[in-house]
Each structure stands twice: as structure tokens, then as C-alpha cells.
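Contents: one structure, followed by commentary.
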Amino acid sequence: MVDNSNFLGSYPKTRLRRNRQSSWSRDLTSETSLSPSDLIWTIFVREGENVSESIPSMPEVECMSIDLMVKRVIEAYDCGIPAVAIFPKTPEHLKTEMGDESTNPDNLICRAVIALKKSIPQMGVVCDVALDPYTSHGQDGIIEDGQIANDATIEILAKQAVVQAEAGCDIIAPSDMMDGRIGRIRKELDHYNFKNVQLMSYSAKFSSSFYGPFREAIGSASNLGQADKRTYQLDPRNSDEALREVALDLEEGADMVMVKPGMPYLDILHRVKKTFAVPTYVYQVSGEYAMLKAAGEKGWLNSDDVLMESLKSFKRAGADGILTYWAVEAAKKIQKA
Ligand code: PBG
Numbered sequence: 002m003v004d005n006s007n008f009l010g011s012y013p014k015t016r017l018r019r020n021r022q023s024s025w026s027r028d029l030t031s032e033t034s035l036s037p038s039d040l041i042w043t044i045f046v047r048e049g050e051n052v053s054e055s056i057p058s059m060p061e062v063e064c065m066s067i068d069l070m071v072k073r074v075i076e077a078y079d080c081g082i083p084a085v086a087i088f089p090k091t092p093e094h095l096k097t098e099m100g101d102e103s104t105n106p107d108n109l110i111c112r113a114v115i116a117l118k119k120s121i122p123q124m125g126v127v128c129d130v131a132l133d134p135y136t137s138h139g140q141d142g143i144i145e146d147g148q149i150a151n152d153a154t155i156e157i158l159a160k161q162a163v164v165q166a167e168a169g170c171d172i173i174a175p176s177d178m179m180d181g182r183i184g185r186i187r188k189e190l191d192h193y194n195f196k197n198v199q200l201m202s203y204s205a206k207f208s209s210s211f212y213g214p215f216r217e218a219i220g221s222a223s224n225l226g227q228a229d230k231r232t233y234q235l236d237p238r239n240s241d242e243a244l245r246e247v248a249l250d251l252e253e254g255a256d257m258v259m260v261k262p263g264m265p266y267l268d269i270l271h272r273v274k275k276t277f278a279v280p281t282y283v284y285q286v287s288g289e290y291a292m293l294k295a296a297g298e299k300g301w302l303n304s305d306d307v308l309m310e311s312l313k314s315f316k317r318a319g320a321d322g323i324l325t326y327w328a329v330e331a332a333k334k335i336q337k338a
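The numbering used here numbers the first residue of the sequence shown as 2 and each following residue consecutively.
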């Protein structure tokens, strides 16, 4: 903290409302700003052609076939959004105990990346690395003797990262929270000469009930059932431990780090940015989107206003960028303002 106590002044000589009296002055004195280039649009893809299904708990979010998704991404690029993060709704019959479909070079996500890179190569593409969209049990890792097996899982994740890089993915984003996965994935990418593929680690990913709508969207909720992810995702009571996760990931070669969820974890975001001063991202997760939208539908809040305010709060807390389902709407609003 800067010690500016000498400059604080006092009333009546000092009136903080002076700088706030007009819109131009508020703009001039704003400490942070939100621009479309801060946003990564999170999207769901599915099999099929010219099909789009709505997600009941996420109003206005669609799970789209690749052809429709590409069209929407071109529109997003035209709104100034620099990157998209894509998540697959894997057909149930392809889900297995070991999540085999994750390393299939012809899987849904790889085909989506190829299609995107063909139509709009200038758009950054982020792919999730984790097994939950592919496992019959909905866990992010494979299960051995009733436990999520860390070291066996990261071997599969390394292969998953390579098939995504081969498809043309720019940023590999591991969201699984296994120990040592960043180093293992970096090693595998480098071995296959993907030295310039970036790694955005979901470093401080908490075990959160705010992921509910996402799990519905990719169809992992019913597979997971009553099980949870507490043996690998962070405990919501912890903050120092989140910093240790970030430190380890940076040491293992992460180019960018992430905090997730967003709004209930602004303190973590702030600490991470202050401590490490590295490119830091925050994920406004499905449950955050759902609650703000739902309150809007009930007429209890203005959902556009609270969504915009929440995005600004991420920038203020220290985020360099924000993953959000609301990226296109936000970008349009910013451009109009
Ligand atoms: C998969 C993954 C999850 C999210 C992103 N990647 C769900 C989970 O960990 O259960 C959640 C995103 C959201 O809720 O919007 N590992």
C-alpha cells in the first residue's frame, strides 16, 4: 500500500464529490477500465449441424453445433473480443471410465478448433484440459481404488493437451487441479515441438457449487451424482493455499494464471495479482451468470447493470482478463457507451 495519508486532505477544502460531478470527469478519474479486449467468451459446443440448444439454467446461452458456433465467433471477433474458450458436450455414449475420448484427435473439441482456425485464424482459441466432459463418472481424473489417481491422470492430460495443440489450439487451459499437471503438460508440449503454445492454468480453482449450471450444460451433473471434487479443488476457506497453487504453476511453466469462481473470490484475485504480478484471469462461472440473470428475470435486479458492474469489479480487483458467458453482450454495451 502507498502511504498517501499526507495527501488525503479534509473537508471543506477537500470535497471528493467534485471529481464525480460529470460523466467526463468520472471517466477522467477512473482508475480502471473495461474493454472488449479484456474478455474471453466461454462457449459450449455439441455434435450435429445447424443445431443449437438452450441451457435452462443459463438464459440466452446456447450449446451450438460447430457450424453455428463458428458464425457466432466471427461476430464476437467483430465486437473486439480477442479469444474464445470452448467446452464440449460429449455424447453420452462416448463417455468412459478412463475418459478415452479426451485424447481422440478427431473429438468434438479438436474439430471445433480446426473449424475455428480455418474460418477465423486471428481469434485466440482456449481449450479446457480435464477429463470431466469425457468420463462416465463426471470426475476430472481417472479413478483407481476409489480415489482420483493424480499421476495416472496427468499422463492422460498431457496427451489431451497435445491433440488440442495439434488441432491448432493457442492456449491450453488445464482446469483439473491435479498436482504437477502444468509441468507435465509443458514437457509433453515441448517434446512435440509445441513450444509456443501458451498455458493458462486454472491455478486457484475452488471446489464450488457455483459450477452447477456448467455441469448441466456438458451433461456431467447426473454422472457425478452426489460425488464432489473436494479432494482436488481448493477449499473455499483457504487463501494462502491458493497462492501456493499459483506459485507452483508458475514454477512449472504457466504463462497465465486464473482464479475461479470470480465474484465470491475477489480477495483471492487481488492477492494473486499483488503477489505475483503475472497475467491473471478470472472466470465468471456459470452459477454467477445464472443468479444474476435469474434475479433479472424476476425483476429483482437489472441483470445487464449487475453483470456489467461485476465485470468492472474484476478489473478493479486486478484481473487482466475475464472469462465470461456474457462477453458478446458486454462488448456490445461497451462499444455503445
Ligand atoms: C471442468 C470445468 C468446470 C468448469 C470449467 N471447467 C466444472 C467443474 O470443475 O466441475 C466450470 C465453469 C462454470 O461453472 O462456468 N473441469
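A virtual CB, placed ideally from N, CA and C, is assigned to each residue, including glycine. Here the structure is a predicted model, which is why all the values come from computation and not from measurement.
8 Å CB neighbourhood of cysteine 111 in its chain, flanking five on each side removed: Asn105, Val164, Gln165, Glu167, Ala168, listed in sequence order.
C-beta contact flag for threonine 154 and methionine 178 at 8 Å: no
Residues that DSSP places opposite tryptophan 42 in a beta bridge: Val85, Thr325
Residues that glutamate 145 bridges to, as DSSP identifies them: Gln148
Backbone CA spacing between tryptophan 25 and arginine 317 [nearest angstrom]: Distance between tryptophan 25 and arginine 317, taken at the CA atoms: about 19 Å.
Where leucine 29 falls: helix, strand or coil (DSSP): helix
The segment 208 to 221 in contact with the segment 247 to 259 per 3-pair CB rule at 8 Å: no
Per-residue burial, serine 304 [other beta carbons within 10 Å of its own, 16 or more giving buried]: buried
Touch test, the segment 23 to 42 against the segment 314 to 329, Cβ-Cβ under 8 Å, three pairs minimum: Counting Cβ pairs under 8 Å, three or more are found: they touch.
Contact set for alanine 150: own chain, Cβ-Cβ below 8 Å, skip 5 residues either direction: Gly142, Ile143, Ile144
The segment 61 to 79 contacting the segment 119 to 134, beta-carbon criterion three pairs below 8 Å: yes
Distance between leucine 244 and tyrosine 282 (C-alpha atoms, nearest Å): 14 Å
Proximity test, phenylalanine 315 beta-carbon vs ligand 1 heavy atom, cut-off 7 Å: no
Which listed residue (Glu156, Asn239, Glu102, Arg16) has its alpha carbon closest to that of leucine 270: Asn239
CA-to-CA distance, serine 204 to tryptophan 301, given in whole angstroms: Tryptophan 301 and serine 204: Cα-Cα distance of roughly 34 Å.
Beta-bridge pairing of aspartate 129 - partner residues as DSSP gives them: Ala174
For threonine 97, the three-state DSSP class (helix, strand or coil): strand
Status (buried if at least 16 other CB within 10 Å, exposed otherwise) for arginine 272: buried
Assigned secondary structure, arginine 231 (DSSP; H/G/I helix, E/B strand, else coil): coil
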